[in-house]
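I have placed the structure first, in the form of structure tokens, so that the comments after it can refer back to it.
There are 2 protein chains.
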Amino acid sequence: MPKEIRLNAFHMNAPGHSWAGLWRHPRDNSVNYKSLDYWVNLAQTAERGLLDGVFLADVFGIYDVYGGNADATRRAAAQSPINDPTLIVPTMAYHTKHVGFGVTSTLTYEHPFQFARRYSTLDHLTGGRAGWNIVTGYLASGARGMGRGDVRTHDDRYDVGEDFLEAAYKLWEGSWEDGAVVHDRAGHTFTRPEKVHAVRHDGPYFKVDGPHLSEPSPQRTPVLYQAGTSGRGRAFAARHSEAIFLNGQSRRIVADAVRDVRTQARSFGRDPYDILFFLGATVIAAPTRAEALDLAAEYARYVDPAGQLALVSGWSGIDFGKYDLDQPITYEKNNSIQSFVENITLKADKPITPRELIAFNQTGARGPFIVGSASEVADELIEWVEDTDVDGFNLVRVVVPETLSNFVDLVVPELQARGRFKTAYREGTLREKLFPGRGPLLHPTHPGAAFRNLARTPHLQEA
Amino acid sequence: MPKEIRLNAFHMNAPGHSWAGLWRHPRDNSVNYKSLDYWVNLAQTAERGLLDGVFLADVFGIYDVYGGNADATRRAAAQSPINDPTLIVPTMAYHTKHVGFGVTSTLTYEHPFQFARRYSTLDHLTGGRAGWNIVTGYLASGARGMGRGDVRTHDDRYDVGEDFLEAAYKLWEGSWEDGAVVHDRAGHTFTRPEKVHAVRHDGPYFKVDGPHLSEPSPQRTPVLYQAGTSGRGRAFAARHSEAIFLNGQSRRIVADAVRDVRTQARSFGRDPYDILFFLGATVIAAPTRAEALDLAAEYARYVDPAGQLALVSGWSGIDFGKYDLDQPITYEKNNSIQSFVENITLKADKPITPRELIAFNQTGARGPFIVGSASEVADELIEWVEDTDVDGFNLVRVVVPETLSNFVDLVVPELQARGRFKTAYREGTLREKLFPGRGPLLHPTHPGAAFRNLARTPHLQEA
């Protein structure tokens, strides 16, 4: 049986996301991002299409590399203004039953003790549908906002991440034993004290000394997503992630990345297929190819050129405002986001120009750009899966809500007809839906599972 | 016209709150605190009663003073386990139209840059119904959880608070001018760049260098609640708070505290009545006095004695497990929560015993304990208001949902009949409902308002 394709709606708590300027489109309702109706509608559309999840990006800072300021970013609403993504999740969950939520949070600015409670709460309130996209933060403007003069170097950020995750695993997995919460009215016991343990974590970046504040949630550790595909990022992802969001327009590059991470996962004692790969993809579907091309051309007219360059300047750290529009870009390797530049320049095997970066159906956001009828889109998605071994796609937001609605109404039935997409949700938590038949908790080969049995773990100590 | 009484439902994202052990009551549904249905029901009950707000307490740590451990706390579910309070608010707001939300967050463990975005998001999603109860954190277990060996001394905590608030005011009030967000489709301008300013805050505890990430929310700064009534806490509250939650069983002590804070507010150039005082009160109402007494006696049987002492030991820092049940407690002044002990011991003008601390209708949680028919309850509430000059009450949770439902069904109509409670909500944000006719923003005499005009504020600088 062919591999089932996985799908997330890719979104952000902001009026602009991957394509700058689309808020101007007359049928786009992104300006309503401050209203919960907007989010409930998104989640219900995703659930109507049996999508696996709503994947919420975040950026903690503002894109101010292009032209040395944030002017183009502001005008185009290029991921600014931007609100907190966690607060919209519970209401979306309350108005759906199955769809999962991958929520981006930058651990660099959090403390694991407090953070662990927030995500346990999310997992409780969503009935076990919470996922965390682990980001270590890269915008210099975000670091400055938090009063830090410099962004940590690329590798250092992953050291912080390792330390943070270890502390969080101890809290989620090791602090409250199964059976600690008994609600025993006759025995006057809500929680059995001997089954709750203090975590003593004394890491290079974080210290924790105390029991987790929340009782265990359905999944304990939320489903762990990661988005790094640079060298050190891959090792981190291979070790910790259960799902990876990656970008890339070259099938070869994507296939290499997938193979490399799966191989590394095996070296960590994990099954290479215990990681699901979601490739970011822009899909514009319509009943016919001609209609889809018309839609794409119409959408393209709303791309804000300066806003789009502000985004790619922010992602790459390169000020594209310094180049002539048709000047091929030569760049120095940028330590903090090298994967982005590698991806675009390797795409065409030649240096790219700013004009190409802007063009809606050329470089796109950062991944495949697929326009066509349901059948054509399905062909192309299936090809990508077969050529690269990705498991599915993060569907990039273009015009809200119609791009996703069109996908759900047209492409989902086509994929179902071909036996490549589920026809009903499975029961259970997000983790059980992604990895059927294995229960709601981290798989025993996942590093977080090592912190489960506190009494036998020497660096954890009973309270 | 007599003063309108203000009312909040006082709750916590935990199976136990002020009265330990009530989760065992057969009609109590607190064990469902992990479900959003529970919270929607609470908010809708509050709104049915035209209550001003749902006031959500929080405690960041665990009560482990009593007996030197958390055993009694765990068994009685005495504010443990406890989940994040912010995440339940948007769904409550989505299913109501008017009721406000006062959410407790401990600033000691937050950074203003990140925190300001979270509360702006809350204010957006609630349509301007967000309030923040400013807490500086006092549990040693919370500090240890965050890897800090010691709790800051009492006064130092307020220094941190002053610095935090100044940074937050700059972000909320000063970073985005009115009219910055224009959604000008024809002019290709979502946000006018020249109207967004970077905040440069270089305080003793916090540094911020960058613009606020969120666009201005309906109230900009959330309604500011505070709960400190100790010496330094009063000065802090008199300067910053718009509403104060206080405890106290002695009318004299409460009246003194209210008068003192109002006087201090005047010394800061504020109208003394720009601060609303909410007194914590346990109210058990029934159609007749006899039925109410029966209810109270029934509830009292479910109070968990050790759990109750674990709470008061945590609040006071005194291990009441060291005393015989009938031994009058002598104590040393405790710097971190002196107001609590002053309140209880001054109540009866004599040292109190642990047995008195446990007794349901004696010492109570920390405020008036009122049992009776609607008419008797109304009498007593009105007397408290007239004797102490408080503005209203935080209604302490006993059995969920019936204690609040009974209040709404019985006492609210009685207060309305006497002209002491509104018969409809006012329109507008939480701030406009609390301070009618003055608009959604901080009053010009509030210290936060000083950070509004960035260009004229020397320590703020344009981006």
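As you go down the protein sequences, you meet chains C and B in turn.
Residue numbering for the first sequence follows my numbering, beginning at 573 and increasing consecutively.
Residue numbering for the second sequence follows my numbering, beginning at 573 and increasing consecutively.
Glycine included, each C-beta is placed from N, C-alpha and C at the ideal position.
Worksheet item: So what does Val943(B) bridge to, in DSSP terms?
Response: Ile856(B)
Worksheet item: To the nearest angstrom, how far is it from the Cα of Val675(C) to the Cα of Ala592(C)?
Response: 21 Å
Worksheet entry | CB contact check: Thr693(B) to chain C, cutoff 8 Å | Interface residue, yes.
Practice prompt. Select from the region 945-979 of chain C all residues with a C-beta closer than 7 Å to any C-beta belonging to chain B, and list them in chain order.
Written response: none
Worksheet item: chain B partners of Val943(C), CB-CB under 8 Å?
Response: The contacting residues do not exist; Val943(C) stays about 24 Å from chain B at best.
Worksheet item: Which residues in chain C sit within 7 Å of Phe778(B), going by Cβ to Cβ distance?
Response: Gly719
Worksheet item: Cβ of Gly1009(C) less than 8 Å from any chain B Cβ?
Response: no
Worksheet item: Cα separation between Gly751(C) and Pro790(C)?
Response: 13 Å
Fill in: C-alpha gap between Ala827(C) and Arg578(C), whole angstroms
Between Ala827(C) and Arg578(C), the C-alpha separation is close to 17 Å.
Worksheet item: Taking Asp959(C) as the reference, which of Leu982(C), Gly640(C), Leu851(C) and Leu594(C) has the closest Cα?
Response: Leu851(C)
Practice prompt. Pick helix, strand or coil for Ile954(C), following the three-state DSSP scheme.
Written response: In this structure, DSSP gives Ile954(C) a helical state, which the three-state scheme calls helix.
Worksheet item: Opposite Asn966(C) in the DSSP bridges: which residues?
Response: Asn580(C) and Gly852(C)
Worksheet item: For Gly703(B), does the three-state DSSP call read helix, strand or coil?
Response: strand
Fill in: Residue range of the unbroken alpha helix (DSSP H) whose run includes Leu867(B)
Arg861 to Ala872
Practice prompt. Name, in chain order, the residues that DSSP records as bridge partners for Thr678(C).
Written response: Val707(C)
Fill in: Sequence-distant residues of its chain with Cβ nearer than 8 Å to Asn601(C) (five each side left out)
Tyr610, Val972 and Pro973
Worksheet item: Which residues in chain C sit within 7 Å of His755(B), going by Cβ to Cβ distance?
Response: Val603
Worksheet item: Looking at the C-beta of Pro859(C), does it have a partner C-beta in chain B at a distance below 8 Å?
Response: no
Practice prompt. Leaving out five residues on either side along the sequence, give the residues of the same chain with a beta carbon under 6 Å from the beta carbon of Glu1004(B).
Written response: Closer than 6 Å at Cβ, skipping near neighbours: Pro1012.
Practice prompt. Check whether the Cβ atoms of Arg992(B) and Ile930(B) sit closer than 8 Å, and answer yes or no.
Written response: no
Discussion item. Would you call the region 699-717 of chain C in contact with the region 630-639 of chain C, where contact means no fewer than 3 C-beta pairs closer than 8 Å?
Written reply: yes
Worksheet item: Going along the chain, which unbroken runs of the alpha helix (DSSP H) with 4 or more residues stay wholly within the region 606-689 of chain B?
Response: 608-620, 643-648 and 661-666
Worksheet item: Mind checking Val875(C): buried by the 16 CB within 10 Å criterion, or exposed?
Response: Val875(C) should be labelled buried.
Worksheet item: Rounded to a whole number of angstroms, what is the C-alpha to C-alpha distance between Thr678(C) and Gly714(B)?
Response: 22 Å
Discussion item. Relative to the C-alpha of Ala650(C), which candidate in Arg969(C), Asn978(C), Phe1023(C) and Arg1010(C) has its C-alpha closest?
Written reply: Arg969(C)
Discussion item. Check this for me: beta carbons of Val771(C) and Leu737(C), under 8 Å apart or not?
Written reply: In this structure, Leu737(C) does not lie closer than 8 Å to Val771(C) by Cβ.
Worksheet item: What separation, rounded to the nearest whole angstrom, lies between the Cα atoms of Thr693(C) and Leu796(C)?
Response: 16 Å
Worksheet item: Using a Cβ-Cβ cut-off of 6 Å (strictly less than) and excluding sequence neighbours within five positions of Leu1014(B), which residues of its own chain qualify?
Response: If we look at Leu1014(B) and ignore the five residues flanking it on each side, its Cβ neighbours are Thr793, Gly1020 and Ala1021.
Fill in: Nearest neighbour of Leu818(B), chosen from Thr835(B), Pro765(B), Arg811(B) and Leu848(B) [CA to CA]
Leu848(B)
Practice prompt. Have a look at His1031(C) and Ile660(B) and give me their C-alpha separation to the nearest angstrom.
Written response: Because His1031(C) sits at a pLDDT of 45, beneath the cut-off of 50, its placement in the model cannot be relied upon, and the point is left open.
Practice prompt. Could you name the residues of the region 659-673 of chain B whose beta carbon sits closer than 9 Å to any beta carbon of chain C, in the order they occur along the chain?
Written response: Residues Leu659, Ile660, Val661, Pro662, Thr663, Ala665, Tyr666 and His667.
Worksheet entry | CB of Phe550(B) within 8 Å of CB of Ala665(B), strictly | The requested residue 550(B) does not occur in the structure, where chain B is confined to residues 573 to 1035.
Fill in: Rounded Cβ spacing between Leu881(C) and Ala644(C) (contact assumed at less than 8 Å)
7 Å
Worksheet item: Around the Cβ of Lys669(B), are there at least 16 other Cβ atoms within 10 angstroms (buried) or fewer (exposed)?
Response: exposed
Discussion item. For Val795(C), report the span of its beta strand (DSSP E) as first-last.
Written reply: Val795 to Gln798
Discussion item. Spatial neighbours of Asp951(C) within its chain, please: C-beta separation below 7 Å, excluding the five flanking residues on both sides.
Written reply: none
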